[in-house]
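Protein chains in written order, with this note's numbering: chain Y, 1 to 179; chain A, 180 to 506.
Beta carbons are placed, not taken as given, at the ideal position from N, Cα and C, and that holds for glycine.
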Amino acid sequence: MTENARPDGGRERAYTVRLELVDEPGELLNALEPIATQGGNLLSIFHERGSLTPRGHIPVEVALEATPEGFEGIVDALRESGVAVVQAGSERYSEHLTVLLIGPLVDTDLSDTLSCLEERAEASVTDVSLSAPEGTAGTSSARLRLATAEADHTLSIVHEAAAEKGLDVIEPLTPGAER
Amino acid sequence: MKLGIIGAGAVGSAVARLAPEYGHSVVALADSESAAIDPDGLDPEALLARKEDGEALGESDPDEALDAPYDVLVEATPTTLGDAEPGFSHIRRALEGDRHAVLANKGPVAERYEEVRTLETGSRGQVRFEATVAGAIPALSTIADLGAGNVTAIRGVLNGTANFILSRMAAEGLGYEHVLAEAQDLGVAEADPSFDVQGTDAALKCVILANVLAEGNGDGDTAEVGVRESYTLADATVEGIEHVPPSALELAAEDGRTIRLIGEVSTGSIRVGPRLVPEHGTLAVTGTQNILQLEARHAGRLNISGRGAGGPETATAVLADISRLEA
Numbered sequence: 001m002t003e004n005a006r007p008d009g010g011r012e013r014a015y016t017v018r019l020e021l022v023d024e025p026g027e028l029l030n031a032l033e034p035i036a037t038q039g040g041n042l043l044s045i046f047h048e049r050g051s052l053t054p055r056g057h058i059p060v061e062v063a064l065e066a067t068p069e070g071f072e073g074i075v076d077a078l079r080e081s082g083v084a085v086v087q088a089g090s091e092r093y094s095e096h097l098t099v100l101l102i103g104p105l106v107d108t109d110l111s112d113t114l115s116c117l118e119e120r121a122e123a124s125v126t127d128v129s130l131s132a133p134e135g136t137a138g139t140s141s142a143r144l145r146l147a148t149a150e151a152d153h154t155l156s157i158v159h160e161a162a163a164e165k166g167l168d169v170i171e172p173l174t175p176g177a178e179r
Numbered sequence: 180m181k182l183g184i185i186g187a188g189a190v191g192s193a194v195a196r197l198a199p200e201y202g203h204s205v206v207a208l209a210d211s212e213s214a215a216i217d218p219d220g221l222d223p224e225a226l227l228a229r230k231e232d233g234e235a236l237g238e239s240d241p242d243e244a245l246d247a248p249y250d251v252l253v254e255a256t257p258t259t260l261g262d263a264e265p266g267f268s269h270i271r272r273a274l275e276g277d278r279h280a281v282l283a284n285k286g287p288v289a290e291r292y293e294e295v296r297t298l299e300t301g302s303r304g305q306v307r308f309e310a311t312v313a314g315a316i317p318a319l320s321t322i323a324d325l326g327a328g329n330v331t332a333i334r335g336v337l338n339g340t341a342n343f344i345l346s347r348m349a350a351e352g353l354g355y356e357h358v359l360a361e362a363q364d365l366g367v368a369e370a371d372p373s374f375d376v377q378g379t380d381a382a383l384k385c386v387i388l389a390n391v392l393a394e395g396n397g398d399g400d401t402a403e404v405g406v407r408e409s410y411t412l413a414d415a416t417v418e419g420i421e422h423v424p425p426s427a428l429e430l431a432a433e434d435g436r437t438i439r440l441i442g443e444v445s446t447g448s449i450r451v452g453p454r455l456v457p458e459h460g461t462l463a464v465t466g467t468q469n470i471l472q473l474e475a476r477h478a479g480r481l482n483i484s485g486r487g488a489g490g491p492e493t494a495t496a497v498l499a500d501i502s503r504l505e506a
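See the structure below:
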């Protein structure tokens, strides 16, 4: 039960791919297409438009889920279509962690909390759901899904960051051994 | 066996009522006010009917019950923390008189475990406490059968009140205060629910389990690093459920999960707190149910669920202990 079982018997895991794109219209779309056609599941795209590589390209970090076989196909297809794949971090973010944060999330700047997590924990926040039934001033809850190399380490960072902002954390029983 | 029962609450009175059916006689029955003592055996039904009518249980002082000619002292007074009195002294009296002690009271084995075991070593009587962990669920006897040294970790839902509140909140989308009031109306939660909802009760059970597992931890090469000889409530990290809002349960459910108050014991660490578990997973029992999940060498994972509280339910654990004393 550590990863999603797929009908074809393969198992999905999370991957991070760093690409360098030429600054031309349609390049990003072009780069993402092989992911879909090879059966990958796109989790997040980090598109640093402001910063250019020394070669004048735009660095893009893509987090995706795929079976190991599917992932190989994606990297091959990206390279074939002329996209520069600078890092195919197969093992980098192979674990998932889902946690709930409870407290004055809005008042304590949730987006700051999230970027703080990504920075310190070397994790990628792949999903966020917020529920604030009492409005922005009251107690709200957020569910975070993080892709990480090491769930236990990330969890301790989550606790640390939450404690700084006076938030409660509800963690899963077995961090990392998750869907 | 002749039983001396101290404490005539839900558990004590259920033990008294069921004793004849299990082949035992009750020679003393005491509550905090008085005691009924008869070396030839009491009529528990008649005595408890009197108590329900507001009369005293008997003519004697409660303390005299401790000197009655019983084979087994059943300690069923309310759990107290710290010095675990008066329960601890009751057990001492029984053991010093070379009689057995069977506990439903968690205090002595959670707070003064080593002292209880030392008293037992100097006595011809034994101490048993199956009823202190998860009511009717045969937790300690299962551990004994597996061998405490073979059980590497235990986790579970060990408080029915907290579990009732969380599962009602999740099912109905209601707030904590609302469901707590409902639980109090139903008699599932006490007027002062802090012991249950703050995680103390579950933590005491985990401490008792940790003490039992620590006894199975071998010496020298086989000893697990980080396991001490005995534990108390102060060694547990405890968090309750009072701060869990309905929105958290909602977000968990959207993701196929739910929140349960989970107690965990492994290699010397004792922890109780609300945790995310799969919504339809083994640990997500509903209502007042309890579940215990054991990880054992060679045997793998074992799950035992059932009623973790209630008079007759918990009394069956006391009676099981008594029959093991006879064996």
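ask   = Distance, Cα to Cα, Arg407(A) vs His477(A)?
value = 24 angstroms
query = Are the C-beta of Ala432(A) and some C-beta of chain Y separated by less than 8 angstroms?
reply = no
Host alpha helix (DSSP H) of Val376(A) (start-end) = Ser373 to Val376
ask   = So, are the CB atoms of Asn342(A) and Thr467(A) less than 8 angstroms apart?
value = yes
ask   = Hey, is Leu455(A)'s beta-carbon within less than 8 angstroms of any beta-carbon in chain Y?
value = yes
query = Under three-state DSSP, which class holds Met1(Y)?
reply = Here the model assigns Met1(Y) a pLDDT of 38, short of 50, so the residue's position is not dependable and the matter cannot be decided.
message = Whether or not the region 133–152 of chain Y and the region 414–430 of chain A are in contact is what I'm after, with contact meaning three or more pairs of Cβ atoms, one per stretch, closer than 8 angstroms; do they touch?
response = yes
ask   = Mapping DSSP to helix, strand and coil, what is Ala146(A)?
value = Because chain A here runs from 180 to 506, residue 146(A) falls outside it and cannot be looked at.
key: Residue ranges of each alpha helix (DSSP H) within the region 331–393 of chain A, 4 or longer   = 339–351, 355–364 and 373–376
Test item: CB-CB of Leu298(A) and Leu274(A) under 8 angstroms = yes
task = Just the C-alpha distance for Tyr249(A) and Gly266(A), rounded to the nearest angstrom, thanks.
result = 17 angstroms
query = For the candidate residues Asn41(Y), Ile35(Y) and Asp112(Y), whose alpha-carbon lies nearest to that of Leu19(Y)?
reply = Ile35(Y)
request  = On a CA-only basis, which of Val194(A), Ala494(A), Lys230(A) and Ile184(A) is nearest Gln216(A)? Give me that one, please.
outcome  = Gln is not the amino acid found at residue 216(A); the sequence shown has Ile there. Ranking the options by Cα distance to Ile216(A), first place goes to Ile184(A).
inquiry  = Quick check: does the Cβ of Ser129(Y) come within less than 7 angstroms of any heavy atom belonging to the ligand NAP?
reply    = No copy of the ligand NAP occurs in the structure displayed, which carries no ligand at all.
query = Secondary structure at Leu97(Y), three-state DSSP: helix, strand or coil?
reply = strand
ask   = So what does His279(A) bridge to, in DSSP terms?
value = Val251(A)
DSSP state of Asp168(Y) mapped onto helix, strand, coil = strand
Per-residue contacts from Arg450(A) into chain Y (C-beta, under 8 angstroms) = Simply none; closest approach about 11 angstroms.
inquiry  = Considering just the uninterrupted stretch of the alpha helix (DSSP H) at Pro68(Y), what are its terminal residues?
reply    = Pro68 to Glu80
request  = Kindly confirm or deny that the region 491–502 of chain A and the region 200–214 of chain A touch, where touching means at least three C-beta pairs closer than 8 angstroms.
outcome  = yes
request  = Measure from the C-beta of Ala427(A) to each C-beta in chain Y and report whether the shortest distance is under 8 angstroms.
outcome  = yes
query = Smallest Cα separation from Lys181(A): which of Gly233(A), Tyr292(A), Ile270(A) and Leu252(A)?
reply = Leu252(A)
task = Grab me the residues of Gly485(A)'s own chain with a C-beta within less than 6 angstroms of its C-beta, minus the 5 sequence neighbours each way, in chain order.
result = Ala315 and Ile316
message = Once DSSP output is grouped into helix, strand and coil, what is the label at Lys230(A)?
response = helix
ask   = Does the beta-carbon of Phe308(A) have 16 or more other beta-carbons within 10 angstroms, so that it is buried, or is it exposed?
value = buried
task = Provide the residue span of the alpha helix (DSSP H) that contains Glu309(A), from first to last.
result = It is not in any alpha helix (DSSP H) - Glu309(A) carries neither H nor E in the DSSP assignment.
key: CB contact check: Arg334(A) to chain Y, cutoff 8 angstroms   = yes
ask   = What are the residues that DSSP puts in a beta bridge with Glu65(Y)?
value = Ala14(Y) and Asn41(Y)
ask   = Do three or more CB pairs link the region 284–302 of chain A to the region 323–332 of chain A at distances below 8 angstroms?
value = no
request  = Let me know if Phe46(Y) comes out buried or exposed under the rule of 16 or more other beta-carbons within 10 Å of its beta-carbon.
outcome  = exposed
query = Can you tell me whether DSSP reads His57(Y) as helix, strand or coil?
reply = coil
ask   = If the cut is a Cβ gap below 9 angstroms, which residues of chain A does Ile102(Y) touch?
value = His422, Val423, Pro424, Ser426 and Ala427
query = Do we get a CB-CB distance below 8 angstroms when we pair Ile441(A) with the residues of chain Y?
reply = yes
inquiry  = Does chain Y have any CB closer than 8 angstroms to the CB of Ile438(A)?
reply    = yes
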